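S.K.:
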Ligand SMILES: Nc1ncnc2c1ncn2[C@@H]1O[C@H](COP(=O)(O)OP(=O)(O)OP(=O)(O)O)[C@@H](O)[C@H]1O
Ligand SMILES: [Mg+2]
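In my numbering, the protein residues as written are -3 to 545.
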């Protein structure tokens, strides 16, 4: 490509012509501008032109496609660490803002240090621009870089570009108000405290025009809490429910994430000790042994031996990045192991899902989690077979307490008058009151009367500071030993978002913000009920139901 130099031997006319030609080339292909004119500091402390790496080229290719279709650029980038994504987004924003007039660009990062690092990139871009490409600059401070004539006297006649790059941290909720934004870069969106509200405000400020761009990039941060918004927009992009293109950049895209072997013996050792995951990944992604060698090195040295940490920071698939980064109470390997038990229902009894017909010689326990209030969350039922540990029936729906009582009765009667363990908290009392006249096999808890030092039985399971950890621990033990086999995918998915929480009314554990745990709680209640049931059907009772209370 022809480059421009203001060689003193050239006539002014020649210079103008050459400049026009070069600008034309850059307009037609902004990648050429980025690779020729923008400089970065590399990981090994060199200052070099920003020659796009594989991950960056993939992003650029998508931009090219969208531009050719005259569409606005709306991209979500789910990434592994240190792939050069922030650098590219800054390069793209800088290219748009330092070359075109009246362009407003906003960059938001999740904490002040990353804001500073990102802005430092833009400063280096500016400082290293060839002089003919440098727009006039009026301000350059911690918050913004304004491309405008700094001289007040001549500004009216020769204003300069009147473009600006503004940078902010995500905790400033008023970001974007009062400003029309043409280019937006959100960095590490999954770690923003208020991502949903902030993006709602930002998106109002961006006109729906082809020459505008939005880049939202992040590593994953679980399904809920701060990470919920990012998880949701990734899911919506996958389902085609929003206007964003999703680009996933797994760790193995980076050529530098590969480590040669010190000796043949070392290589042989790796080949002989590959586990199932490594073999699978190698086959699916055509990885070299050197890449797997780097992976093992990085797990040990970059992630302190924590495999989940590696999967979070350096994911190979979209799913594993979210699973690994969630702060689930239940160990992830137990959740993953349950996927082999998940199955489709064989039929429905009204809207109760039946996975297996009742066996007249088996005992069943039914867990019921009534909703906390109509319109808020679901009421859920899980039925588990004592003999096999398999989930045989389930129900989930928004339903009033008296109708939920009917569902419980219907499901329990189908499964040999199952023992119904109903949570008494919230609407549970209303459910039990509606049920108790019609159905008797209801779990009873022991209540101590401190005043009289006596015990008595009361209907229903009460979740308290003491019983919740017990219920959860028992369930985890059942999963660990694979005594439990869940059929419902919803229940398995809810295990991933069941996390430690500090909300006092949830006794230390519950669903992450925006997620649900009702199916899981009903499964845990059913599991508690199993402890009450005899393991064998007494001979004289075979083929009949048994009532415990
Ligand atoms: N094309 C490139 N060639 C060489 N080095 C690059 C390239 N792009 C970025 N780098 C360097 O790689 C490092 C990581 O870049 P950057 O911070 O942009 O990545 P990131 O994916 O945003 O990382 P993080 O996961 O930490 O947010 C920086 O030192 C940057 O200068
Ligand atoms: Mg970054």
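For every residue, glycine included, the Cβ atom is placed at its ideal position computed from N, Cα and C.
These numbers were taken from a predicted model, which means no experiment stands behind them.
(1) Under the three-state reduction of DSSP, which class applies to residue 111: helix, strand or coil?
(2) Return the chain-ordered ranges of every alpha helix (DSSP H) run that is complete within the region 48 to 79 and spans a minimum of 4 residues.
(3) Looking at ligand 1, does it come within less than 7 Å of residue 74, judged from the CB to the closest heavy atom?
(4) Can you give the beta carbon distance from residue 522 to residue 482, rounded, assuming they're within the 8 Å contact cut?
(5) Please name the residue, chosen from 470, 251, 87, that lies closest to residue 209 on a Cα-to-Cα basis.
(6) Measuring from the CB of residue 164, is there a heavy atom of ligand 2 at a distance below 7 Å?
(7) Only counting runs of 4 or more residues, tell me where the alpha helix (DSSP H) segments fall wholly within the region 420 to 504, in order along the chain.
(8) Alpha carbon to alpha carbon, how far is residue 97 from residue 145? Give it in angstroms, no decimals.
(9) Closest to residue 28 by CA distance: which of 56, 68, 13 is it?
(10) According to DSSP, is residue 539 helix, strand or coil?
(11) Could you tell me whether any non-hydrogen atom of ligand 2 is closer than 7 Å to the CB of residue 338?
(12) Whole angstroms are fine: how far does the CA of residue 496 sit from the CA of residue 324?
(13) In the DSSP assignment, the beta strand (DSSP E) including residue 363 goes from what residue to what residue?
(14) When we look at the beta-carbon of residue 511 and count the other beta-carbons within 10 Å, is it buried (16 or more) or exposed?
(15) Judging by CA-CA distance, which residue of 125, 154, 150, 161 is the nearest neighbour of residue 142?
(16) Taking just the CA atoms, how far does residue 484 sit from residue 388?
(17) Using the three-state DSSP reduction, which class does residue 275 fall into: helix, strand or coil?
(18) Can you tell me whether residue 513 is buried or exposed? The criterion is at least 16 other CB atoms within 10 Å of its CB, across all chains shown.
(19) Taking just the CA atoms, how far does residue 53 sit from residue 71?
(20) In this structure, how does DSSP classify residue 248 when only helix, strand and coil are distinguished?
(21) Out of 134, 91, 403, which one is the CA nearest neighbour of residue 366?
(22) Can you name the start and end residues of the alpha helix (DSSP H) that residue 397 belongs to?
(23) Determine the direct distance from the alpha carbon of residue 66 to that of residue 335, and round the result to whole angstroms.
(24) So what does DSSP say about residue 11, is it helix, strand or coil?
(25) Whose C-beta lies closer than 8 Å to the C-beta of residue 283 among residues of the same chain, with five residues either side of it excluded?
(26) Under 6 Å Cβ to Cβ from residue 435, same chain only, skipping five residues before and after it: list those, please.
(27) If residue 391 sits next to residue 376, beta carbons under 8 Å apart, how far is it from one beta carbon to the other, in whole angstroms?
(28) At the level of alpha carbons, what is the spacing between residue 540 and residue 529?
(29) Between 222, 292, 280, 332, which lies nearest to residue 256 when the distance is taken from Cα to Cα?
(30) Indicate, with yes or no, if ligand 2 has a heavy atom lying under 7 Å from the CB of residue 82.
(31) Does the distance from the CB of residue 465 to the CB of residue 411 come in under 8 Å?
(32) Around the Cβ of residue 273, are there at least 16 other Cβ atoms within 10 angstroms (buried) or fewer (exposed)?
(33) When the Cα of residue 479 is compared with those of 337, 264, 203, which residue comes out closest?
(34) Given 7 Å as the limit, tell me if residue 79 has its C-beta closer than that to any heavy atom belonging to ligand 1.
(35) Classify residue 83: buried if its beta carbon has 16 or more other beta carbons within 10 angstroms, exposed otherwise.
(36) Comparing the CB of residue 183 with every heavy atom of ligand 2, is any distance shorter than 7 Å?
M.R.: Working from what's here:
(1) Residue mapping note: residue 111 aligns to position 115 of the chain shown, counting from 1. If DSSP states are grouped into helix, strand and coil, residue 111 belongs with the helices.
(2) Runs of alpha helix (DSSP H) with 4 or more residues, each lying fully within the region 48 to 79, are found at 50 to 64, listed in chain order.
(3) Residue 74 sits at position 78 when you count from the first residue of the chain shown. Taking non-hydrogen atoms of ligand 1 into account, the C-beta of residue 74 is found less than 7 Å away from none of them.
(4) Residue mapping note: residue 522 aligns to position 526 of the chain shown, counting from 1. Residue mapping note: residue 482 aligns to position 486 of the chain shown, counting from 1. Rounded to whole angstroms, the Cβ separation of residue 522 and residue 482 is 10 Å, and the two are not in contact under 8 Å.
(5) The residue labelled residue 209 in the question sits at position 213 within the chain shown. Distances from the CA of residue 209 to each of 470, 251, 87 were compared; the closest alpha carbon is that of 87.
(6) In the chain shown, the residue the question calls residue 164 occupies position 168. No, since every heavy atom of ligand 2 falls outside the 7 Å radius drawn around the Cβ of residue 164.
(7) Correct list: 424 to 431, 463 to 476, 485 to 492.
(8) The residue you call residue 145 lines up with position 149 of the chain shown. The residue you call residue 97 lines up with position 101 of the chain shown. Going by the C-alpha atoms only, they are around 12 Å apart.
(9) One-based indexing of the chain shown puts residue 28 at position 32. Considering only alpha carbons, the answer is 56.
(10) Taking the first residue of the chain shown as position 1, residue 539 is located at position 543. In this prediction, residue 539 scores a pLDDT of 45, lower than 50, which makes its location untrustworthy; no coordinate-derived value is stated.
(11) Taking the first residue of the chain shown as position 1, residue 338 is located at position 342. Result no, Cβ not under 7 Å from ligand 2.
(12) Taking the first residue of the chain shown as 1, we reach residue 324 at position 328. Taking the first residue of the chain shown as 1, we reach residue 496 at position 500. Computed Cα separation, rounded: 7 Å.
(13) Within the chain shown, the letter at position 367 stands for residue 363. Looking at the DSSP string, the run of the beta strand (DSSP E) that includes residue 363 is 360 to 365.
(14) Here residue 511 refers to the residue found at position 515 when the chain shown is read from its first residue. Looking at its Cβ environment, which holds 16 or more other Cβ atoms inside 10 Å, residue 511 is buried.
(15) Numbered from its first residue, the chain shown carries residue 142 at position 146. In terms of Cα proximity to residue 142, the closest of 125, 154, 150, 161 is 161.
(16) Looking up residue 388 in the chain shown gives position 392. Looking up residue 484 in the chain shown gives position 488. Whole-angstrom Cα-Cα distance: 9 Å.
(17) What you label residue 275 is simply residue 279 of the chain shown in a count that begins at 1. Of the three classes helix, strand and coil, the one that applies to residue 275 here is helix, per DSSP.
(18) Position 517 of the chain shown, counting from 1, holds the residue named residue 513. With a threshold of 16 other beta carbon atoms within 10 Å, residue 513 meets it and is buried.
(19) As a first step, residue 71 must be located in the chain shown, where it is residue number 75. As a first step, residue 53 must be located in the chain shown, where it is residue number 57. Each residue's alpha carbon lies about 14 Å from the other.
(20) Taking the chain shown and counting its residues from 1, the one referred to as residue 248 is at position 252. DSSP places residue 248 within a helical segment (H, G or I) once states are collapsed to three.
(21) Along the chain shown, read from residue 1 onward, the residue named residue 366 stands at position 370. It is 403.
(22) As a first step, residue 397 must be located in the chain shown, where it is residue number 401. It spans 397 to 410 - the alpha helix (DSSP H) in which residue 397 sits, taken as one unbroken run.
(23) For the purposes of this step, residue 335 is taken as residue 339 along the chain shown, with counting starting at 1. For the purposes of this step, residue 66 is taken as residue 70 along the chain shown, with counting starting at 1. Answer to the nearest angstrom: the Cα atoms are 43 Å apart.
(24) Your numbering for residue 11 matches position 15 in the chain shown. DSSP places residue 11 in helix when its eight states are reduced to three.
(25) Within the chain shown, numbered from 1, the residue matching residue 283 stands at position 287. Hits under 8 Å: 248, 277.
(26) One-based indexing of the chain shown puts residue 435 at position 439. Beyond the five residues adjoining it in sequence on each side, residue 435 comes within less than 6 Å, by CB distance, of 405 in the same chain, given in chain order.
(27) By one-based count along the chain shown, residue 391 stands at place 395. By one-based count along the chain shown, residue 376 stands at place 380. By a beta-carbon distance limit of 8 Å, residue 391 contacts residue 376. Their separation comes to about 7 Å.
(28) Mapped onto the chain shown, residue 540 falls at position 544. Mapped onto the chain shown, residue 529 falls at position 533. Residue placement at residue 540 cannot be trusted, given a pLDDT of 43 that sits under 50; what the coordinates show is reported in the next sentence. Spanning the two alpha carbons is a distance of roughly 14 Å.
(29) Residue numbering aside, residue 256 sits at position 260 when the chain shown is read from its first letter. Checked all of 222, 292, 280, 332; the closest Cα to residue 256 is 292.
(30) Counting from 1 along the chain shown, the entry for residue 82 is found at position 86. Yes; taking the cut-off as 7 Å, the Cβ of residue 82 has a heavy atom of ligand 2 nearer than that.
(31) One-based indexing of the chain shown puts residue 465 at position 469. One-based indexing of the chain shown puts residue 411 at position 415. No, these two residues do not count as a Cβ contact at 8 Å.
(32) As a first step, residue 273 must be located in the chain shown, where it is residue number 277. Looking at its Cβ environment, which holds fewer than 16 other Cβ atoms inside 10 Å, residue 273 is exposed.
(33) Within the chain shown, numbered from 1, the residue matching residue 479 stands at position 483. Looking from the CA of residue 479, the closest CA among 337, 264, 203 belongs to 337.
(34) As a position in the chain shown, residue 79 is number 83, starting the count at 1. Checking every heavy atom of ligand 1 against the Cβ of residue 79, one is found closer than 7 Å.
(35) Numbered from its first residue, the chain shown carries residue 83 at position 87. Here residue 83 is buried. Its C-beta has 16 or more other C-beta atoms within 10 Å.
(36) Your numbering for residue 183 matches position 187 in the chain shown. Proximity of the beta carbon of residue 183 to ligand 2 is indicated: a heavy atom of the ligand is located closer than 7 Å.
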